[in-house]
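Asks: Following full-length UniProt numbering, the residues of the sequence shown are numbered contiguously, the last one being 496. Would you mind keeping the following structure in view while I ask a few things?
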Amino acid sequence: MTVPPAPQPAKAADSATGGEAAAGDEAVAAGILRRQRARESSARTYARSFPIVPARAKGMTIEGTDGRRYLDCLSGAGTLALGHNHPVVLEAIQRTLESGAPLHVLDLATPEKDDFTDALFDTLPKGFADRARIHFCGPAGTDAVEAALKLTQTVTGRRGVLAFTGAYHGMTAGALAVTGNVAAKERIAGGAGGAADVTRLPYPFSYRCPFGVGGERGAELSAAYTERLLDDPAGGVVRPAAMIVEPVQGEGGAVPAPDSWLRAMRRITAERDIPLIVDEVQTGVGRTGAFWAVEHSGVTPDVMVMSKAIGGSLPLAVIVYDRDYDAWLPGAHTGTFRGNTLAMATGAATLRYVTRHGLAERAATVGARMTARLEGLRHELPAIGDVRGRGLLIGVELVDAEGPVDSCGAHPAAPDLAERVRAACLDRGLIIELGGRFNATARLLPPLTITDEQAEAVLDRFTDAIARVSAEARAQGQAQPQPQAPTQQARQKQGR
């Protein structure tokens, strides 16, 4: 698969009628964007970062109405495991439509639903599938998080939840309550809202360690703090209904949890009869180099939250949990759009394709190659403070290389620099998004089908953008920015 060239200005467009036609196409796009700004809410997010109007898409490439083409390294926030309009997905849609199957059936049984459940259960961690129950939720991951919280609260009769700094679990009330990002909550009356009492625990983050030491020792301290807090009779924590954790924090800046730490969380929760919920909404379906990110650690959770890629590009969200937790009454968590037949067909096709073609293993290989190249450029590009992630969930934190270094060796985050790099990437035909604590981490989430040529092109364009923006800052005599509160754009991260 060839890599599209970086987009050119309209006057240089290669078309039968030259620049005039390209300019006309640009006028069409400008009109659509103008109407979007006038009619859609101020909460829109990606449209602010990427002022383009996609007209066609295939694989990793998006083409705008103006003919410009982009490498999509966002993949629908991780939804598009196979990229845009993969043949196996289109075939599943066509087959389902031609079959006459009902497209909307609430939670009734259908052949498509049965097949999807078979395909999903075939991917579950060893020792979990045989004891699994599935609940189909509303179409977004945030609803599945709500369902997981309600389930564990029902089973245990408890209210509280253990959650982690840096976490992102969605934008509905309960999911937002267990999310760590303060900026997402502070504009809501009453703070986070939600139906749970949340105890916030330190997530291990080597580059910006909450204990100031980093590395393996930082993870050990995080586990020890958690255990001692739960056992402290004066610690203020009533035994909770659940602990919820991401194996890799996606929106939090592609921060992977050490396997040893996840095993410690499983031990701590099991010993205290606290259900463990693992949020695999963004990390699942091969993204991190295993089909489910929790498999790296060998941990078997009590509840898994799944969405995004499981629907094969269409909306679908479920929770899968141990049968011993199947204690709620009929109608305890309902929703109109739980019976999306097309999503179940495309989801089953995607799950099987990822398995049969070894795309999880491919993600591990390509991701390791990409992170190694980025690590090798840190001396040449000092604005690269940290390279992290797992598989094809990669984060590159951009920093003020002239700023002071903390006890972990980290420079101050540079959110303004990161925003300029993101814009420069778009100019070069590359779509990336920002995340992390200061919105200074460039997040690379290409489809699992990315070719070697595309991977090199992504890094070429990305590193060229960093080099150019850094050079412009030096030429202007500007110090790279100090950390600051997230922008309004950062406050309105993706809904689930």
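Positions of the beta carbon are idealized from the N, C-alpha and C atoms, including for glycine. For clarity, every value in this text was computed on a predicted model and none was experimentally measured.
Beta-carbon within less than 6 Å of Val3's beta-carbon, same chain only, minus the 5 sequence neighbours each way: which residues are those?
Replies: Hits under 6 Å: Glu453, Gln454 and Ala457.
Asks: If Val305 sits next to Val285, beta carbons under 8 Å apart, how far is it from one beta carbon to the other, in whole angstroms?
Replies: About 13 Å separates the two Cβ atoms, so there is no contact after all.
Asks: Relative to the alpha-carbon of Ser75, which residue among Ala348, Leu314, Arg378 and Ala241 has its alpha-carbon at the smallest distance?
Replies: It is Leu314.
Asks: In whole angstroms, what is the alpha-carbon distance linking Ala10 and Arg352?
Replies: Low local confidence applies: a pLDDT of 35 at Ala10 is under 50, so the model's placement there is unreliable, and no value is given.
Asks: Answer with buried or exposed for Gln476, where buried requires no fewer than 16 other C-beta atoms within 10 angstroms of its C-beta.
Replies: Exposed: under 16 other Cβ atoms inside 10 Å.
Asks: With a threshold of 6 Å on Cβ separation, who are the neighbours of Asp72 within its own chain once the five nearest residues in sequence on each side are excluded?
Replies: Only Met60, Ile62 and Ile431 meet the Cβ criterion.
Asks: Name the one or two DSSP bridge partners that Leu359 has.
Replies: Paired residues: none, contrary to the question.
Asks: Could you check which residue in Glu246, Ile466, Ala30 and Arg158 has the C-alpha nearest to that of Glu419?
Replies: Per the Cα distances, Ile466.
Asks: I need the boundaries of the alpha helix (DSSP H) containing Val89, first residue and last residue.
Replies: Looking at the DSSP string, the run of the alpha helix (DSSP H) that includes Val89 is Pro87 to Ser99.
Asks: Determine the direct distance from the alpha carbon of Val248 to that of Gly389, and round the result to whole angstroms.
Replies: Between Gly389 and Val248, the C-alpha separation is close to 7 Å.
Asks: Can you look up Val198 in the DSSP assignment and give me helix, strand or coil?
Replies: Of the three classes helix, strand and coil, the one that applies to Val198 here is strand, per DSSP.
Asks: What does the alpha-carbon distance come out to for the pair Ala218 and Ala410?
Replies: As written in the sequence, residue 218 is Gly, which differs from the Ala given in the question. Answer to the nearest angstrom: the Cα atoms are 14 Å apart.
Asks: Using the rule of at least 16 other Cβ atoms within 10 Å of the residue's Cβ for burial, across every protein chain shown, is Thr336 buried or exposed?
Replies: By the 10 Å Cβ count, Thr336 comes out exposed.
Asks: Between Leu120 and Ala167, what straight-line distance do the alpha-carbon atoms span, to the nearest angstrom?
Replies: Taking the straight line from one Cα to the other gives about 25 Å.
Asks: Could you tell me which uninterrupted alpha helix (DSSP H) segments, each at least 4 residues in length, are contained entirely in the region 324-359, listed from first to last along the chain?
Replies: For the region 324-359, whole alpha helix (DSSP H) runs of length 4 or above, ordered along the chain, are 341-356.
Asks: Can you give the Cα-Cα distance for Glu375 and Leu459, rounded to whole angstroms?
Replies: Approximately 12 Å, taken between the alpha carbons.
Asks: State yes or no: is the beta carbon of Glu227 nearer than 8 Å to at least one beta carbon in chain C?
Replies: Note that chain C does not occur in the displayed structure, where there is just one protein chain.
Asks: What separation, rounded to the nearest whole angstrom, lies between the Cα atoms of Thr371 and Gly395?
Replies: So the alpha carbons of these two residues sit roughly 9 Å apart.
Asks: I'd like the span of the beta strand (DSSP E) that includes Gly390, first residue to last.
Replies: Per the sequence presented here, residue 390 reads as Arg, with Gly not at that position. It spans Ile384 to Arg390 - the beta strand (DSSP E) in which Arg390 sits, taken as one unbroken run.
Asks: According to DSSP, simplified to helix, strand and coil, what is Gly284?
Replies: Coil at Gly284, not helix or strand.
Asks: What is the DSSP secondary structure of His135, counted as helix, strand or coil?
Replies: Residue state, collapsed to three classes: strand.
Asks: How far does the beta strand (DSSP E) with Thr463 in it extend, from its first residue to its last?
Replies: Segment Asp452 to Ala475 is the alpha helix (DSSP H) holding Thr463; no beta strand (DSSP E) there.
Asks: Using only the alpha-carbon positions, how far apart do Thr199 and Ala144 sit?
Replies: Straight-line Cα distance between these residues: approximately 20 Å.
Asks: Mind pulling the beta strand (DSSP E) runs of 3 or more residues that sit fully within the region 277-322?
Replies: 303-306 and 318-322, all fully within the region 277-322.
Asks: Could you tell me whether the region 122-131 touches the region 99-107, where touching means 3 or more Cβ pairs closer than 8 Å?
Replies: No, they do not touch.
Asks: Excluding the five sequence neighbours on either side, which residues of its own chain have a C-beta within less than 6 Å of the C-beta of Ser307, listed in chain order?
Replies: Here the set comprises Gly141, Ala144, Val281 and Ala317.
Asks: Thinking just about the alpha-carbon of each residue, which of Asp115, Leu392 and Leu80 is nearest to the one in Pro256?
Replies: Among Asp115, Leu392 and Leu80, the Cα nearest to that of Pro256 is on Leu392.
Asks: If you run the structure through DSSP and keep just helix, strand and coil, what is Ile274?
Replies: It is coil, neither helix nor strand.
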